[in-house]
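**Student:** Input: one structure, supplied below.
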Amino acid sequence: MHHMTLAEIARGLADKKFSSEELTKALLARIAQLDPQLNSFISLTEELALSQAKAADARRANGESGALLGAPIAHKDLFCTQGIRTSCGSKMLDNFKAPYDATVVAKLAAAGTVTLGKTNMDEFAMGSANESSHYGPVKNPWNLEHVPGGSSGGSAAAVAARLLPAATATDTGGSIRQPAAFTNLTGLKPTYGRVSRWGMIAYASSLDQGGPLARTAEDCAILLQGMAGFDPNDSTSIDEPVPDYSASLNGSLQGLRIGVPKEYFSAGLDPRIAELVHNSVKALEKLGAVIKEISLPNMQHAIPAYYVIAPAEASSNLSRFDGVRFGYRCENPENLVDLYKRSRGEGFGAEVQRRIMVGAYALSAGYYDAYYLKAQKIRRLVKNDFMAAFNEVDIILGPTTPNPAWKLGAKNSDPVAEYLEDVYTITANLAGLPGLSMPAGFVDGLPVGVQLLAPYFQEGRLLNVAHQYQLNTDWHTRTPTGF
Numbered sequence: 001m002h003h004m005t006l007a008e009i010a011r012g013l014a015d016k017k018f019s020s021e022e023l024t025k026a027l028l029a030r031i032a033q034l035d036p037q038l039n040s041f042i043s044l045t046e047e048l049a050l051s052q053a054k055a056a057d058a059r060r061a062n063g064e065s066g067a068l069l070g071a072p073i074a075h076k077d078l079f080c081t082q083g084i085r086t087s088c089g090s091k092m093l094d095n096f097k098a099p100y101d102a103t104v105v106a107k108l109a110a111a112g113t114v115t116l117g118k119t120n121m122d123e124f125a126m127g128s129a130n131e132s133s134h135y136g137p138v139k140n141p142w143n144l145e146h147v148p149g150g151s152s153g154g155s156a157a158a159v160a161a162r163l164l165p166a167a168t169a170t171d172t173g174g175s176i177r178q179p180a181a182f183t184n185l186t187g188l189k190p191t192y193g194r195v196s197r198w199g200m201i202a203y204a205s206s207l208d209q210g211g212p213l214a215r216t217a218e219d220c221a222i223l224l225q226g227m228a229g230f231d232p233n234d235s236t237s238i239d240e241p242v243p244d245y246s247a248s249l250n251g252s253l254q255g256l257r258i259g260v261p262k263e264y265f266s267a268g269l270d271p272r273i274a275e276l277v278h279n280s281v282k283a284l285e286k287l288g289a290v291i292k293e294i295s296l297p298n299m300q301h302a303i304p305a306y307y308v309i310a311p312a313e314a315s316s317n318l319s320r321f322d323g324v325r326f327g328y329r330c331e332n333p334e335n336l337v338d339l340y341k342r343s344r345g346e347g348f349g350a351e352v353q354r355r356i357m358v359g360a361y362a363l364s365a366g367y368y369d370a371y372y373l374k375a376q377k378i379r380r381l382v383k384n385d386f387m388a389a390f391n392e393v394d395i396i397l398g399p400t401t402p403n404p405a406w407k408l409g410a411k412n413s414d415p416v417a418e419y420l421e422d423v424y425t426i427t428a429n430l431a432g433l434p435g436l437s438m439p440a441g442f443v444d445g446l447p448v449g450v451q452l453l454a455p456y457f458q459e460g461r462l463l464n465v466a467h468q469y470q471l472n473t474d475w476h477t478r479t480p481t482g483f
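For the sequence shown, full-length UniProt numbering gives the first residue as 1, with consecutive numbering after it.
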């Protein structure tokens, strides 16, 4: 059963080939057996999962149906789950049990999903390798000596290793798409505001967006259907009708205009990945798409702009973790200042402290205009580039990452080298655009992804292109050895 996709599970449950309870027990046993190799889970929720599975089976017995009714998933451990530890991968929140469910969690529970647990992640979603977690690094099931990508590496590794069919994730600068590329999955970052951020512990509020990680575009469509929608509790949520994403999967690609930015193929791109990208372009051309070279001239400024804006917002968001109201508190503080200093110094890891300090500096008096304001102006230029490009094309295609997954620890001494791995993904977050990564081949036995970007609220178009590509390729069907 563990090899079934979300869509296949939905059909199997509808046809009464197995029950949600049987499936849940099988996957919980598989997690217990295999996850010690991967470290993809922070918490398992066996009792909750079995009760949700029994409830889903009862609902089906009473005549209810639905693609997600009885489907097992896991949540990235920054979505608040009532009464269950929500750690954000940090010592700071190791003892925090959320008093409420995030909107995404509540919506998916209402749809009948079964929560198997909470997945490992970079601390407060800060990282591209899933090595900064307080609970230890996650390992890539395709090669246990390599990273799975971050910050949603736990969700990606668990789905790739067939521990479960799909999981929630979040993307601030590529944290859904990059792990998807590194683990041979399909990952979708929706338009900013499409999925509620309420109850999702914030890293950078103007960039964070929740989305699905799964093996196929069809599965991402099913999971996104349950996640998307307006939320009055979230001031950044957009009141836009949610289409039927599954209904758009089978549309023809005849005449679809695909733009390939010339800036993507610079010296920093592994030539073997460039070849796989070109192969994907040829495959889509055969399906009727029209390819056009385009330009995104301000892409070169995106990384410095992002690494001013994101840390600045993080320094503000993480100021609430002070050892007073909730979370980690140091022992025997001498006074209030000592409480603040030691609680934060002991509770936050090195990467989080680094970004808080960068952000506080960028927002400080005398530097705000020179750094933060300038970065926001660059952000507007990046968005304008995309708006101009989408006047000429329907979709933008390119590599998801410049390199395949690197070895664990290989970039720990050089954070900037890790930051540069986000070069192709962060522009979508700066502009608020939807983006998708889909499997496109292998380099040295490690998966490679191709990224698709679309205009606002065109997630259906991305899923359509990816689904048609997957009907004509088999990269997404490959399974890591041993799993």
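Even for Gly, the Cβ is constructed at its ideal location relative to N, Cα and C.
Could you check what DSSP says for Leu108 in three-state terms: helix, strand or coil?
**Tutor:** Here residue 108 corresponds to residue number 108 of the sequence shown, with the count starting at 1. In this structure, Leu108 counts as helix in the three-state DSSP scheme.
**Student:** Could I get the ranges of all uninterrupted beta strand (DSSP E) runs contained in the segment 310 to 392, with 3 residues as the minimum, in chain order?
**Tutor:** none
**Student:** Going by CA-CA distance only, name the one from Ala71, Ala32, Gly432 and Leu27 that's closest to Ala7.
**Tutor:** Indexing the sequence shown from 1 puts residue 7 at position 7. It is Ala71.
**Student:** Would you decide whether Arg355 is buried or exposed? Buried here means 16 or more other CB atoms lie within 10 Å of its CB.
**Tutor:** For the purposes of this step, residue 355 is taken as the residue at position 355 of the sequence shown. By the 10 Å Cβ count, Arg355 comes out buried.
**Student:** Rounded to a whole number of angstroms, what is the C-alpha to C-alpha distance between Ala360 and Val195?
**Tutor:** Taking the sequence shown and counting its residues from 1, one reaches residue 360 at position 360. Taking the sequence shown and counting its residues from 1, one reaches residue 195 at position 195. Approximately 28 Å between the Cα atoms of the pair.
**Student:** Measure from the alpha carbon of Ile378 to the alpha carbon of each residue in Tyr367, Met299 and Gly327, then state which is nearest.
**Tutor:** The count along the sequence shown starts at 1 and reaches residue 378 at position 378. Looking at the Cα atoms, Met299 is the closest of the given residues.
**Student:** So, does the segment 212 to 225 touch the segment 460 to 471, judging by three or more C-beta pairs under 8 Å?
**Tutor:** yes
**Student:** State the DSSP-derived secondary structure class of Ala454, mapped to helix, strand or coil.
**Tutor:** The count along the sequence shown starts at 1 and reaches residue 454 at position 454. It is coil, neither helix nor strand.
**Student:** Would you mind stating whether Ile404 and Tyr424 have Cβ atoms separated by less than 8 Å?
**Tutor:** Here residue 404 refers to the residue found at position 404 of the sequence shown. Here residue 424 refers to the residue found at position 424 of the sequence shown. Per the sequence shown, residue 404 should be read as Pro rather than Ile. Their beta carbons are not under 8 Å apart, which means Pro404 does not touch Tyr424 by this criterion.
**Student:** Flag this pair as touching only if the segment 137 to 144 and the segment 100 to 114 have three or more C-beta atom pairs under 8 Å; answer yes or no.
**Tutor:** no
**Student:** Please state whether DSSP places Met227 in a helix, a strand or coil.
**Tutor:** Counting from 1 along the sequence shown, the entry for residue 227 is found at position 227. Helix, per DSSP.
**Student:** I'd like to know whether the C-beta atoms of Val347 and Phe321 end up nearer to each other than 8 Å.
**Tutor:** As a first step, residue 347 must be located in the sequence shown, where it is residue number 347. As a first step, residue 321 must be located in the sequence shown, where it is residue number 321. The displayed chain sequence assigns Gly, not Val, to residue 347. Yes, these two residues count as a Cβ contact at 8 Å.
**Student:** With a threshold of 6 Å on Cβ separation, who are the neighbours of Glu313 within its own chain once the five nearest residues in sequence on each side are excluded?
**Tutor:** As a first step, residue 313 must be located in the sequence shown, where it is residue number 313. Excluding residues within five positions, the ones whose Cβ falls inside 6 Å are Ala204 and Ser205.
**Student:** Return the CA-CA distance between Glu32 and Asn39, expressed in angstroms with no decimal places.
**Tutor:** On the sequence shown, position 32 is the one that residue 32 refers to. On the sequence shown, position 39 is the one that residue 39 refers to. Before going further, note that residue 32 is Ala rather than Glu in the sequence given. When rounded, the distance between both Cα atoms is 11 Å.
**Student:** What three-state label does DSSP hand His476 in the structure shown?
**Tutor:** Indexing the sequence shown from 1 puts residue 476 at position 476. Reduced to three states, the DSSP call for His476 is helix.
**Student:** Can you tell me whether Asn140 is helix, strand or coil according to DSSP?
**Tutor:** Within the sequence shown, the letter at position 140 stands for residue 140. Look at Asn140 here: in three-state DSSP terms it is strand.
**Student:** Can you tell me which of the three DSSP states Lys286 falls into?
**Tutor:** By one-based count along the sequence shown, residue 286 stands at place 286. Lys286: helix per DSSP, three-state reduction.
**Student:** According to DSSP, is residue 485 helix, strand or coil?
**Tutor:** A question about residue 485 goes unanswered here, because the residues of the chain that appear run from 1 up to 483.
**Student:** Which first and last residues belong to the beta strand (DSSP E) in which Leu42 is found?
**Tutor:** The residue labelled residue 42 in the question sits at position 42 within the sequence shown. Note that residue 42 is Ile in the sequence shown here, rather than Leu. Phe41 to Leu44 is the span of the beta strand (DSSP E), which, as asked, contains Ile42.
**Student:** Which two residues bound the contiguous beta strand (DSSP E) that contains Pro212?
**Tutor:** Here residue 212 refers to the residue found at position 212 of the sequence shown. Looking at the DSSP string, the run of the beta strand (DSSP E) that includes Pro212 is Gly210 to Ala214.
**Student:** May I ask you to verify whether the segment 175 to 190 touches the segment 151 to 162, counting CB pairs closer than 8 Å and requiring at least 3?
**Tutor:** yes
**Student:** Taking DSSP as the reference, what is the three-state secondary structure of Leu188?
**Tutor:** As a first step, residue 188 must be located in the sequence shown, where it is residue number 188. Of the three classes helix, strand and coil, the one that applies to Leu188 here is strand, per DSSP.
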